[in-house]
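Worksheet: the structure to be examined is printed underneath.
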Amino acid sequence: MATLDSAGTPAVSGVTGTVDVTTFGQIWKESLMKPRERVAGAGLEISRRQLLQAGGATILVTAVAACSGGDDGEPRGGMSAPSDQPLEAPMLSERVTAGELPPLAERLPERPLVVEPVEQIGVYGGQWRTAILGAADSAWLDRTIGYDQLMRWDMDFTVPQPNVAESVEATDDGRRFTVTLRAGMKWSDGAPLTADDVVFWYNDVLLNESYPTIVVPTELTTADGTPAVVSKADQYTVVMEFAAPNGLLEQYLASGGSFVAGPRHYLEQFHPTYNPDVAQLAADEGHADWVALFDAKADVWGNPERPVLTPWVVVQPLGDGQRVMAERNPYYWKVDPDGRQLPYIDRVVFDIVNDEQTILLRATNGELDMHMRHINNLTNKPVLAQNRETGGYDFHDLVRSTMNQMMISLNLTHKDPALREVFQSKDFRIGLSHAIDREELIAAVYQDQGEPWQIAPRKEAEFYDEELAKQYTEYDPDEANRRLDRAGYSQRDGDGFRLRPDGERIRFSVEVSNHEPAWIDSLELIKVYWAEVGIDMRTESEDRSLLLTRKEANEHDAAVWFGSAGLKDAMLDPRCYFPSNNIFSDYAIPWANWFVGKAEVSEEPPEPVKEQMSLYRDLIESIDRDRQTEIFREILRIAKEEFYAIGTVLPVGDYCIVKNTFKNVPSSLIETGTQYPSPGPTNPEQYFIADS
Amino acid sequence: MLSFLGRRLLYMVPTLFLISVVSFAIIQLPPGDYLTALTSEMEAQGETVDNVQLEALRARYGLGEPFHVQYWKWISGIVSDLDFGQSFEWGRPVSTLLADRLPLTVALAGATLLFTWLVALPIGIYSAVKQYSIGDYLATTLGLLGLATPNFLLALLLMWIAFSTFGLSVGRPNAVTLAIAVVVLGTAGTAGLIRILRANLLDELRKPYVVAARAQGLPERRLLVKYPLRVAMNPFFSTIGWLLPGLVGGEVIVATVINLDTVGPLLLGALQSQDMYLAGSIILILSALTVIGTLISDIALAWLDPRVRLRYR
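The listed protein sequences correspond, in order, to chains A and B.
Following our numbering, the residues of the first sequence are numbered contiguously, the last one being 692.
Following our numbering, the residues of the second sequence are numbered contiguously, the last one being 1005.
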């Protein structure tokens, strides 16, 4: 028999003879497969061509189904399609014919979301082959096949758009939001999605104190920690009420992993409020308590039975063998402009690979259809470029929201008052910034890709401020020395290093996580630059967990990390522009703790910082987008004045790889991590695979 | 023999207890816990983590509790109903995860052992009998090369050759990948065994009983196989005990590189993400296997070699 791997996918290397011998492990695994999964596995053996041929036979069926309409008998809007194109995938019409599925019209909501394809209308079929780096890399699953939130970002990452919610309307005071769901929309098992699902997920799961796995996120609380009140208005309408205005709610609802809804009809059987015997059930299934049971059942990637709203539904879950496989959701609620149900692609296959080099090898071999994670770095660019022809793929541009390759944060709230005084001197920091030869860094460490850059939004961002981005970035050792003298450290010791007023040499270490070799290389250069202006810096490379623990305890002299959030995401995550994040605002963790209201390692910040914090509270409470932008510019103005941390290089030239036969991927993509979980917002459901 | 067995079995109990304490302590030693590892991993990938969420999870997993409480939770589950706890990272019972991977791991270990023996035995005998011949030098050179080449490099190289020259699909659980794994894992062991067998056999060949037997006209071949070889084979059996743990330890990087779904990469991942119940359980199980394996090889030795057996009379 053919193995699950290569059936239906032509050998890309051009050399036949792919040896597919069913291994011991596979036989063993298949013997354990549940019957349903075995069907899914067997389905892979039907080639795409066969599916397309089968499709011809099913057009008639689909057309009849479309004419018969839904229960209400009303014609569906925007559903007039060319008669030679089936409105649903052949694999689904087969199931309709067999009586396993209701006709398409009954599966779609009354007003399906119409998705404009990036280039062209696609064809049904095929599989999207990709890979994740170990089981922990489930973020790539979230981004590719898991991004269906109440709202979604437009592709330009500017304005949140309706998604699961047909509309979200705010009252003028910004305290009350009306979320309207799509009438007739269904979960992947065919059960209707209603307001009850949203309210259940919020009240019984997020708000439930005995269920700690998912808590109410900060964005759904007000500054003092009061959570929103979520209630059902009617079958398809939910009302969210806040004690204070929530101006960033829509932006949050469009972000990856935000609050959506849970399939109450399925999950309530595992919840003590709805099932008094849940403890017994948990024990029967081998879980310690109902929380563990609920965790396992609510896990989108681990439990194939859990109904979802996403374009593909997991059929081979994470943790079951070396791959995760997802198949089209027959109840997916989006259509293309011709009224054809999305997604175009039948299956998405994620091989769990444990090593980056192996993923790279697969990419060069043309075994990945679209990838923008782990391997698409500057180091690998030459290798990937060289193999473009043989691998049959090409590069698409990627704009990452990361605005700095390395942000050097001197600890402005250092435990040692003497070092704190040194670091808090703005002239000292400006001097160090001028001492860095960023052009050389770019040439030596970053393959000539980049631009000298401070901690500032990228050029693509609406908050871009050239002065903020460029201040103190020119390499000028004389100016550096002048600044350091002016800061009061003109005295030097016998080795030429500058002294503090108490006669001690200014010496500190920069802590760096050893997972990023470029940082260590850069710091080696910077160590020399700084020694030239009389500053004794040493680098301490350590495990990133240790770095995190030390930062949390405010034990670090200085630390480096990426400068994150350089696009629109800065508004929800301003950690680099003022101390707002108590784990990653490395320049002043105690001030950030004060801001988030954490009592340990907390300290009241000085006036300008407090002003930024109160401005940010204003921003959150303002529902006018222009006003928000204006306030954020003001926050950035203070950041420019304060100059908390030293930036180095703006990352440019990022890319992702896309097979030539893999269509409808935009030529330029944005990526921000959680908020704009690329490629999710580019609508993977409209990607398709063309005949080569 | 029975008292020998009984004593050895009794010794295993305190040994295993100590091992369990030490292995649990070792995985607790690195700074931070599963959640700090998770946070830093996610942040390094550009994801953000909600602090409130982290605190809730820390309480749920009991990560803030003192060492002895966490240890007791873990060990009592194992002793009472073989429950090794849950893996945080996979959200599944440790026993399920291991059961998924053991067949392939054991198959790989068996295949590697066979490969090693089949290659090492004839070459070892040959280079001892024909000491300082060209063939001996060749075998020695190859053996040392195999010993010195880093396994993962060899694995990557073979994979590259398989895919670029022969167009084979690698990095998936298919025959080519498995063959590469066996060859790579086998080479290092082979080289070691060749050297040991050669040295032992050379020692034996010079002993008076061999000279005596030869003087009495025993055919060279029969002489070799019947006496010195049997004695020189002892290291083959005494290393059976280390085989499985040694393989899991040795194949971590190889299996990671060529993407085999065995216990090694699972252990590596668990250690990296500080998934303590998973890591601790694997270490414990491997240690238990070492102890049992050592027992088996002791028994095998005692059975094969009267000198060992008679000492315990």
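All C-beta atoms in this analysis are idealised placements derived from N, C-alpha and C, irrespective of residue type, glycine included.
Predicted model only: the values in this text are computed from it and were never measured.
For this session: Name, going along the chain, the residues of the region 716 to 741 of chain B whose beta-carbon falls closer than 9 angstroms to a beta-carbon of chain A.
Result: Listed by position, the residues of the region 716 to 741 of chain B near chain A (Cβ gap below 9 angstroms) are P722, P723, G724, D725, T728, A729, L730, T731, S732, E733, M734, E735, A736, Q737, G738, E739, T740, V741.
For this session: Let me know if L412 of chain A comes out buried or exposed under the rule of 16 or more other beta-carbons within 10 Å of its beta-carbon.
Result: Translated into positions along the first sequence, residue 412 of chain A becomes position 412. Burial call: buried.
For this session: Using only the heavy atoms of the ligand SAM, determine whether one of them is closer than 8 angstroms to the beta carbon of S695 of chain B.
Result: Judged by which ligands are present, the structure shown has none, so any question about the ligand SAM falls away.
Problem set entry | Contact with chain A by F759 of chain B, beta-carbon distance below 9 angstroms | Locating residue 759 of chain B in the second sequence gives position 67, counting from the first residue. False, the Cβ-Cβ gap to chain A never drops below 9 angstroms.
Problem set entry | T194 of chain A to V238 of chain A span [Cα, whole Å] | If you number the first sequence from 1, residue 194 of chain A lands on position 194. If you number the first sequence from 1, residue 238 of chain A lands on position 238. A straight line joining the alpha-carbon of T194 of chain A with that of V238 of chain A spans about 9 angstroms.
Problem set entry | Contact set between N951 of chain B and chain D, taken where Cβ atoms lie within less than 7 angstroms | This model lacks chain D altogether; the protein chains it does include are A and B.
For this session: Just tell me which of B:L846, B:R922, B:D967, B:A867 has its CA closest to the CA of R999 of chain B.
Result: Taking the first residue of the second sequence as position 1, residue 999 of chain B is located at position 307. Considering only alpha carbons, the answer is B:R922.
Problem set entry | Below-9 angstroms beta-carbon distance, S973 of chain B vs any chain A residue | Here the question's residue 973 of chain B lines up with position 281 in the second sequence. Closer than 9 angstroms: no.
Exercise. In the structure shown, what three-state DSSP assignment does K426 of chain A receive?
Worked result: One-based indexing of the first sequence puts residue 426 of chain A at position 426. It is helical.
For this session: Please determine if the region 533 to 544 of chain A and the region 495 to 510 of chain A are in contact, where contact requires at least 3 C-beta pairs separated by less than 8 angstroms.
Result: Counting Cβ pairs under 8 angstroms, three or more are found: they touch.
For this session: Verify the CB distance criterion: does G302 of chain A have a CB-CB separation below 9 angstroms to chain B?
Result: Residue 302 of chain A sits at position 302 when you count from the first residue of the first sequence. Cβ-Cβ to chain B under 9 angstroms: yes for G302 of chain A.
For this session: Determine which residues share a DSSP beta bridge with T948 of chain B and list them.
Result: Locating residue 948 of chain B in the second sequence gives position 256, where the first residue counts as 1. None, per the DSSP bridge assignment.
For this session: Would you please verify whether the beta carbon of E516 of chain A is less than 9 angstroms from any beta carbon of chain B?
Result: Taking the first residue of the first sequence as position 1, residue 516 of chain A is located at position 516. Chain B contact via Cβ: present.
For this session: Using 10 angstroms around the beta-carbon of Y587 of chain A, count the other beta-carbons present and answer buried if the total reaches 16, otherwise exposed.
Result: Here residue 587 of chain A refers to the residue found at position 587 when the first sequence is read from its first residue. By the 10 Å Cβ count, Y587 of chain A comes out buried.
Exercise. Would a C-beta distance cut-off of 9 angstroms place V348 of chain A and E671 of chain A closer than the cut-off?
Worked result: Counting from 1 along the first sequence, the entry for residue 348 of chain A is found at position 348. Counting from 1 along the first sequence, the entry for residue 671 of chain A is found at position 671. Against a cut-off of 9 angstroms, the Cβ pair of E671 of chain A and V348 of chain A comes out as no contact.
Problem set entry | Nearest-angstrom Cα separation, counted from V876 of chain B out to K436 of chain A | If you number the first sequence from 1, residue 436 of chain A lands on position 436. If you number the second sequence from 1, residue 876 of chain B lands on position 184. Per the sequence shown, the amino acid found at residue 436 of chain A is Ile instead of Lys. C-alpha separation (whole angstroms): 46 angstroms.
Exercise. Cβ atoms of S545 of chain A and Y332 of chain A: under 9 angstroms apart, would you say?
Worked result: Residue mapping note: residue 332 of chain A aligns to position 332 of the first sequence, counting from 1. Residue mapping note: residue 545 of chain A aligns to position 545 of the first sequence, counting from 1. No. Outside cutoff.
For this session: Note down, in chain order, each residue of its chain lying with its Cβ closer than 7 angstroms to the Cβ of H374 of chain A, except the 5 sequence neighbours on either side.
Result: What you label residue 374 of chain A is simply residue 374 of the first sequence in a count that begins at 1. The residues are L133, E356, I359.
Exercise. Is the distance from the Cβ of L976 of chain B to the Cβ of F716 of chain B below 9 angstroms?
Worked result: The count along the second sequence starts at 1 and reaches residue 976 of chain B at position 284. The count along the second sequence starts at 1 and reaches residue 716 of chain B at position 24. Going by C-beta atoms, L976 of chain B is nearer than 9 angstroms to F716 of chain B.
Problem set entry | Partner residues on chain A for E781 of chain B, Cβ-Cβ distance less than 7 angstroms | Residue numbering aside, residue 781 of chain B sits at position 89 when the second sequence is read from its first letter. Chain A residues near E781 of chain B: A135, A136.
Exercise. Mapping DSSP to helix, strand and coil, what is V665 of chain A?
Worked result: Position 665 of the first sequence holds residue 665 of chain A. V665 of chain A: coil per DSSP, three-state reduction.
Exercise. How would you write the range of the alpha helix (DSSP H) that I583 of chain A sits in, first residue to last?
Worked result: For the purposes of this step, residue 583 of chain A is taken as the residue at position 583 of the first sequence. Note, I583 of chain A: premise wrong, no alpha helix (DSSP H); not H, not E.
Exercise. Can you tell which of A:S614, A:R388, A:L293 has its C-alpha closest to the C-alpha of A223 of chain A?
Worked result: Against the first sequence, residue 223 of chain A aligns to sequence position 223. Nearest option by C-alpha distance: A:S614.
Exercise. What does Q966 of chain B touch in chain A if you count any residue whose Cβ is under 8 angstroms from its own?
Worked result: Locating residue 966 of chain B in the second sequence gives position 274, where the first residue counts as 1. By Cβ distance, chain A contributes S545.
Problem set entry | Endpoints, alpha helix (DSSP H) assigned at I408 of chain A | Locating residue 408 of chain A in the first sequence gives position 408, counting from the first residue. Run containing I408 of chain A: none in the alpha helix (DSSP H); it sits in the beta strand (DSSP E), 404 to 410.
Exercise. Whose CA, out of B:A812, B:A880, B:A854, lies closest to the CA of P842 of chain B?
Worked result: For the purposes of this step, residue 842 of chain B is taken as residue 150 along the second sequence, with counting starting at 1. Closest option to P842 of chain B, Cα to Cα, is B:A880.
Problem set entry | Beta carbon proximity, V744 of chain B to chain A, threshold 9 angstroms | Your numbering for residue 744 of chain B matches position 52 in the second sequence. Output row for V744 of chain B: interface = yes.
Problem set entry | Three-state secondary structure assigned by DSSP to I718 of chain B | What you label residue 718 of chain B is simply residue 26 of the second sequence in a count that begins at 1. Helix at I718 of chain B.
Exercise. Roughly how many angstroms lie between the CA atoms of D71 of chain A and L108 of chain A, to the nearest whole one?
Worked result: The count along the first sequence starts at 1 and reaches residue 71 of chain A at position 71. The count along the first sequence starts at 1 and reaches residue 108 of chain A at position 108. Reliability of the predicted coordinates at D71 of chain A is poor, the pLDDT of 36 falling under 50, and the value obtained from them is presented with this limitation in mind. Each residue's Cα considered, the two are about 12 angstroms apart.
For this session: Less than 8 angstroms between the CB atoms is what I'm expecting for Y726 of chain B and D967 of chain B, so what's the real figure, rounded?
Result: Locating residue 726 of chain B in the second sequence gives position 34, where the first residue counts as 1. Locating residue 967 of chain B in the second sequence gives position 275, where the first residue counts as 1. Right, their Cβ atoms sit about 6 angstroms apart.
Problem set entry | Inter-residue spacing [alpha-carbon to alpha-carbon] between A690 of chain A and P103 of chain A | Position 690 of the first sequence, counted from the start, is the residue given in the question as residue 690 of chain A. Position 103 of the first sequence, counted from the start, is the residue given in the question as residue 103 of chain A. Distance from the CA atom of A690 of chain A to the CA atom of P103 of chain A, rounded to whole angstroms, is 27 angstroms.
Exercise. What are the start and end residues of each continuous beta strand (DSSP E) run of 3 or more residues lying completely inside the region 468 to 555 of chain A, in chain order?
Worked result: 507 to 513, 536 to 542
Exercise. Going along chain A, which residues have a C-beta under 7 angstroms from M704 of chain B?
Worked result: Residue mapping note: residue 704 of chain B aligns to position 12 of the second sequence, counting from 1. Result: empty, since nearest Cβ-Cβ is about 29 angstroms, beyond 7 angstroms.
Exercise. Is A882 of chain B helix, strand or coil when you go by DSSP?
Worked result: Within the second sequence, residue 882 of chain B is the residue found at index 190, counting from 1. In the sequence as displayed, the identity of residue 882 of chain B is Thr instead of Ala. Reduced to three states, the DSSP call for T882 of chain B is helix.
For this session: Kindly say whether Q762 of chain B, judged by its beta-carbon, lies nearer than 9 angstroms to any beta-carbon of chain A.
Result: Taking the first residue of the second sequence as position 1, residue 762 of chain B is located at position 70. Answer no: the Cβ-Cβ gap between Q762 of chain B and chain A never drops below 9 angstroms.
For this session: Rank A:A105, A:A98, A:E634, A:Q235 by C-alpha distance to the C-alpha of P86 of chain A and give the top, closest one.
Result: To locate residue 86 of chain A, count along the first sequence from 1; it is residue 86. Taking only the C-alpha atoms, the option nearest P86 of chain A is A:A105.
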